[in-house]
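Undergrad: Listed in order, the protein sequences are those of chains A and B. Our numbering puts the first residue of the first sequence at 127, with every later residue one more than the last. Our numbering puts the first residue of the second sequence at 1290, with every later residue one more than the last. Backbone N, C-alpha and C define an ideal beta-carbon position, used for all residues, glycine too. Just so we're clear, the structure is a prediction, and the values are computed from it rather than from any experiment. Have a look at this one before I ask anything.
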Amino acid sequence: MTTTDPEPFWTHAHGALVHFPIALVCAAGVLEAAGFALRSRDCMRSLREAAHWTMLLGAAGSVPAVASGLFLTRGRMWGHGALRLHHLFVWPSFGLVVGLAVWRTALGARASDGNRAGYLAVLAVAIVLITFAGYWGGVLLSRP
Amino acid sequence: MTAVLPLTPRAALIAAMVGAAAALGSAYAGARGLQLADARRSHALPSPDRWADPPDDLSAAAQAGGRKLYLRYCAHCHGADATGDEGPDLHDEEVSDRYIARTILKGIPHQMPSFAKKFGAAETRELTAYLRTLD
């Protein structure tokens, strides 16, 4: 590897780093939904706390994932073909994940059911976007 | 963890939007920085990349040879008129000749293949000379 040939290292680094935020955000969605569905049970508080922390960790993990991707593409935010499709889902996902983490932190335990339902709906959208981003990322990796 | 920030729902939503905008803005700034660093580095490549030197032969014959190469190897992605198709528009490229030659030879990860095995120094210079005519 040389400084002018960054692909091998950053390909591996990006592949290693993207799975943490994907898993954490999806787990946050499941925990949040469980906390919402079981809001009359004793476990609700624990579920919501766990959801909050996994969301924060997912947002934090998305930063190195995005940074490694930018190093891999040498700073190209869009590209062409499958890379453009990958980025078409990556950038909204990234913005939503960070925004959701801030929103969840700001709302905290005082949030009404309506706020929680809205948060959960936007989180579901983010998870769908992440899924498509991952799909097109997989297409890129499977190319020769 | 309970409420960390004592914000109203509306303020929380605004904070979330600011956070998302800051994240995307940081990504954009980082991307621009990487692009600029990459462009700067391309002007001072150590050997063996020096053989991708800028073309010194801008004759009509060199440009015609470059056009033939372009139509054969590049047009299916960049379009016959180089205005872009799957690949980008190649007119008015604000980069150095050496940067163009290096991109031809090394490609762009996940976007454009390397042509180092197809083109020698002469072909690379011809193709670069042709691309320079696309104003």
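According to DSSP, is Met-1401 (chain B) part of a helix, a strand, or is it coil?
TA: As a first step, residue 1401 (chain B) must be located in the second sequence, where it is residue number 112. Strand, per DSSP.
Undergrad: Out of A:Pro-190, A:Leu-226 and A:His-213, point me to the one whose CA is closest to Ala-1309 (chain B)'s CA.
TA: One-based indexing of the second sequence puts residue 1309 (chain B) at position 20. The residue with the shortest Cα to Cα distance from Ala-1309 (chain B) is A:Leu-226.
Undergrad: Can you list the residues of chain B that Ala-160 (chain A) reaches, using a CB-CB cut of under 9 Å?
TA: In the first sequence, the residue the question calls residue 160 (chain A) occupies position 34. Chain B residues near Ala-160 (chain A): none, gap ~17 Å exceeds 9 Å.
Undergrad: Quick check: the segment 151-166 of chain A against the segment 232-247 of chain A, are there 3 or more CB pairs under 8 Å?
TA: Flag = yes, the segment 151-166 of chain A and the segment 232-247 of chain A touch.
Undergrad: When you compare the CB of His-145 (chain A) with every CB in chain B, is at least one pair closer than 9 Å?
TA: For the purposes of this step, residue 145 (chain A) is identified with residue 19 of the first sequence, where counting begins at 1. Answer no: the Cβ-Cβ gap between His-145 (chain A) and chain B never drops below 9 Å.
Undergrad: Of all Cβ atoms in chain B, is any one closer than 9 Å to the Cβ of His-206 (chain A)?
TA: Translated into positions along the first sequence, residue 206 (chain A) becomes position 80. So yes, His-206 (chain A) belongs to the interface.
Undergrad: How far does the alpha helix (DSSP H) with Val-224 (chain A) in it reach, from first residue to last?
TA: One-based indexing of the first sequence puts residue 224 (chain A) at position 98. Segment 208-233, the alpha helix (DSSP H) holding Val-224 (chain A).
Undergrad: Nearest CA to the CA of Leu-255 (chain A): which residue from A:Pro-134, A:Val-265 and A:Val-151?
TA: Position 129 of the first sequence, counted from the start, is the residue given in the question as residue 255 (chain A). Considering only alpha carbons, the answer is A:Val-151.
Undergrad: If we count the other Cβ atoms within 10 Å of its Cβ and call it buried at 16 or more, is Pro-1398 (chain B) buried or exposed?
TA: The residue labelled residue 1398 (chain B) in the question sits at position 109 within the second sequence. So Pro-1398 (chain B) ends up on the buried side.
Undergrad: In whole angstroms, what is the alpha-carbon distance linking Thr-180 (chain A) and Lys-1357 (chain B)?
TA: Along the first sequence, read from residue 1 onward, the residue named residue 180 (chain A) stands at position 54. Along the second sequence, read from residue 1 onward, the residue named residue 1357 (chain B) stands at position 68. Distance between the alpha carbons of Thr-180 (chain A) and Lys-1357 (chain B): 56 Å.
Undergrad: How is Met-127 (chain A) classed by DSSP in three states: helix, strand or coil?
TA: In the first sequence, residue 127 (chain A) corresponds to position 1, counting from 1. Residue placement at Met-127 (chain A) is flagged as unreliable, the pLDDT there being 36, under the threshold of 50; a coordinate-derived value is accordingly withheld.
Undergrad: Going straight from the alpha carbon of Asp-131 (chain A) to that of Gly-201 (chain A), what length do you get?
TA: For the purposes of this step, residue 131 (chain A) is taken as residue 5 along the first sequence, with counting starting at 1. For the purposes of this step, residue 201 (chain A) is taken as residue 75 along the first sequence, with counting starting at 1. In this predicted model, Asp-131 (chain A) has a pLDDT of only 49, less than 50, meaning its place in the structure is not dependable enough to derive any value.
Undergrad: Rounded to whole angstroms, what is the Cα-Cα separation between Cys-1366 (chain B) and Met-1401 (chain B)?
TA: Numbered from 1 along the second sequence, position 77 holds the residue referred to as residue 1366 (chain B). Numbered from 1 along the second sequence, position 112 holds the residue referred to as residue 1401 (chain B). Going from the Cα of Cys-1366 (chain B) to the Cα of Met-1401 (chain B) covers about 9 Å.
Undergrad: Quick one: grab the DSSP three-state call for Phe-1408 (chain B).
TA: In the second sequence, residue 1408 (chain B) corresponds to position 119, counting from 1. Coil.
Undergrad: Would you mind working out which of A:Trp-204, A:His-178, A:His-212 and A:Trp-136 sits nearest Leu-246 (chain A), comparing C-alpha positions?
TA: What you label residue 246 (chain A) is simply residue 120 of the first sequence in a count that begins at 1. Among A:Trp-204, A:His-178, A:His-212 and A:Trp-136, the Cα nearest to that of Leu-246 (chain A) is on A:His-178.
Undergrad: Taking the alpha carbon of Pro-147 (chain A) as the reference point, which residue from A:Ala-235, A:Ser-268 and A:Val-192 has its own alpha carbon closest?
TA: Position 21 of the first sequence, counted from the start, is the residue given in the question as residue 147 (chain A). Among A:Ala-235, A:Ser-268 and A:Val-192, the Cα nearest to that of Pro-147 (chain A) belongs to A:Val-192.
Undergrad: For a cutoff of 9 Å on Cβ pairs, would you count Glu-1382 (chain B) as touching chain A?
TA: Walking along the second sequence from the start, residue 1382 (chain B) turns up at place 93. Chain A contact via Cβ: absent.
Undergrad: Can you list, in chain order, the residues of its chain whose CB lies under 6 Å from that of Arg-236 (chain A), leaving out five sequence neighbours each side?
TA: Residue numbering aside, residue 236 (chain A) sits at position 110 when the first sequence is read from its first letter. Nothing listed; no residue qualifies.
Undergrad: Cutting at 6 Å between CB atoms, please list the residues of its own chain near Gly-1396 (chain B), excluding the five before and the five after it.
TA: Your numbering for residue 1396 (chain B) matches position 107 in the second sequence. Result list for Gly-1396 (chain B): Pro-1402 and Ser-1403, in chain order.
Undergrad: Within the continuous alpha helix (DSSP H) that includes Val-280 (chain A), where are the two ends?
TA: No information on residue 280 (chain A) is available, as it lies outside the stretch 127 to 270 that chain A covers here.
Undergrad: So, does the CB of Thr-101 (chain A) fall closer than 9 Å to a CB anywhere in chain B?
TA: With chain A represented from 127 up to 270, any question about residue 101 (chain A) goes unanswered, as that position is not in the structure.
Undergrad: Could you list which residues in chain A have their beta carbon closer than 7 Å to that of Gly-1376 (chain B), in chain order?
TA: Numbered from its first residue, the second sequence carries residue 1376 (chain B) at position 87. Residues of chain A passing the Cβ test: His-206.
Undergrad: Cutting at 6 Å between CB atoms, please list the residues of its own chain near Met-1290 (chain B), excluding the five before and the five after it.
TA: In the second sequence, counting from the first residue as 1, residue 1290 (chain B) sits at position 1. Because Met-1290 (chain B) sits at a pLDDT of 48, beneath the cut-off of 50, its placement in the model cannot be relied upon, and the following sentence gives the value as read from the coordinates. Once the five neighbours on either side are set aside, Met-1290 (chain B) has no close Cβ partner at all.
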